[in-house]
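Visitor:
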Amino acid sequence: AASRCLISTMSKSAILKVGFEAIYRSGAAKLMSPLWGGQGVIFCLHHVLPGGGMQQGFAPNTHLEITPEFLGKLILLVKSKGYDTISISEMADRLQRGTMSKNRFAVFTLDDGYKDNLVHAMPVFKQYDCPFTVYVAPRIADGTCELWWRILEAVIAKNSLVKTRFAGQEQNLETATTEQKWDAWKKLAPPLQAMPEYAQRDWVKRLAENHGVDVDALCRTAAMTWDEIRLMARDPIATIGAHTLNH
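If you read the sequence shown in my numbering, its first letter stands for residue 459, the second for the next number, and so on.
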């Protein structure tokens, strides 16, 4: 699920932003709320990092990042709007039992099991007494998962020339400048994302090996260890969920 939202282009993001701002500024959001507001909202997050989402230059995955300050402001915002910040389990109980609350709910989730969830996100959730759920993929925790979107970014960022092979055709992509790196990302990411999973993993592993990127080290650096996951799980404010074995 996480990887499917990775290749949205900057233009698509801009269009969505303009559209949502137009709905908000026109007052239509308030008029539509009773019909389309539902019983609550689930936030699907990934990384919470200092400076997250604010990087300049070649940084194609920043849409997966927010800052701890932004997270804190978001929690305060939903609370100020009268939302109940509840756990995913309590949300499920409400929906299954048909228990209606006068307040809508807000549920916070983070996918994959990254180290920053423990280091930077959890203190914010605790500060504002806000339950949260981290969906862990065991191979990411093991440090052996091919995080293809991060690997592709690392290969392009590290090299001035990227040599690839798609559908039997060789490609030599210049990646010396920021503009060239973005061009290479736009050419490689969509077909890579569309590959069958096992072919995708094999392809990106070969790409990394040929361009000096350590796949396991990249995963290990980003991921919580099992001991860190256990530490998080001991706190009643946290829930650990399943995110498939291999992401």
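Yeah, the Cβ is synthetic: ideal placement off N, Cα and C, and Gly gets one too.
A quick note: this is a predicted structure, and the numbers were derived from the prediction, not measured.
Find out if the Cβ-Cβ distance for the pair PHE501, THR636 is shorter than 7 angstroms.
Guide: In this structure, THR636 does not lie closer than 7 angstroms to PHE501 by Cβ.
Visitor: Using a Cβ-Cβ cut-off of 6 angstroms (strictly less than) and excluding sequence neighbours within five positions of PRO694, which residues of its own chain qualify?
Guide: There are no such residues.
Visitor: Mind checking who THR591 pairs with in its DSSP beta bridge?
Guide: THR567, THR697.
Visitor: Given LYS616, which residues of its chain have a CB within under 8 angstroms of its CB, disregarding the five upstream and five downstream residues?
Guide: Around LYS616: HIS669, GLY670, VAL671.
Visitor: Between the Cα of TRP643 and the Cα atoms of PRO654, ALA680, SER618, TYR656, which residue gives the shortest distance?
Guide: Closest by alpha carbon: SER618.
Visitor: Between which residues of its own chain and MET653 is the CB-CB distance below 8 angstroms, once the five residues before and five after are set aside?
Guide: Within the same chain, MET653 has close Cβ partners TRP661.
Visitor: What does the Cβ neighbour count give for TRP412, buried or exposed, with the cut at 16 atoms within 10 Å?
Guide: Residue 412 is absent from the model: the chain starts at 459 and stops at 705.
Visitor: Decide if the segment 587-601 is in contact with the segment 563-579; the criterion is three or more beta carbon pairs, one per stretch, under 8 angstroms apart.
Guide: Result yes; three or more Cβ-Cβ pairs closer than 8 angstroms.
Visitor: Below 8 angstroms on the Cβ atoms is my contact criterion, and I expect PRO526 with VAL506 to pass it. Report the Cβ-Cβ distance as a whole number of Å.
Guide: About 6 angstroms separates the two Cβ atoms, so the contact holds.
Visitor: Kindly indicate which residue of SER538, ALA612, HIS701 has the alpha-carbon position closest to the one of ARG562.
Guide: Of SER538, ALA612, HIS701, the residue nearest in Cα terms is SER538.
Visitor: Thinking just about the alpha-carbon of each residue, which of GLY496, LEU503, GLY485 is nearest to the one in ASN575?
Guide: The shortest Cα separation from ASN575 among GLY496, LEU503, GLY485 belongs to LEU503.
Visitor: Label ARG608 either buried or exposed according to how many other C-beta atoms from any shown protein chain fall within 10 Å of its C-beta, with 16 as the threshold for buried.
Guide: Counting Cβ neighbours within 10 Å, ARG608 comes out buried, since at least 16 surround it.
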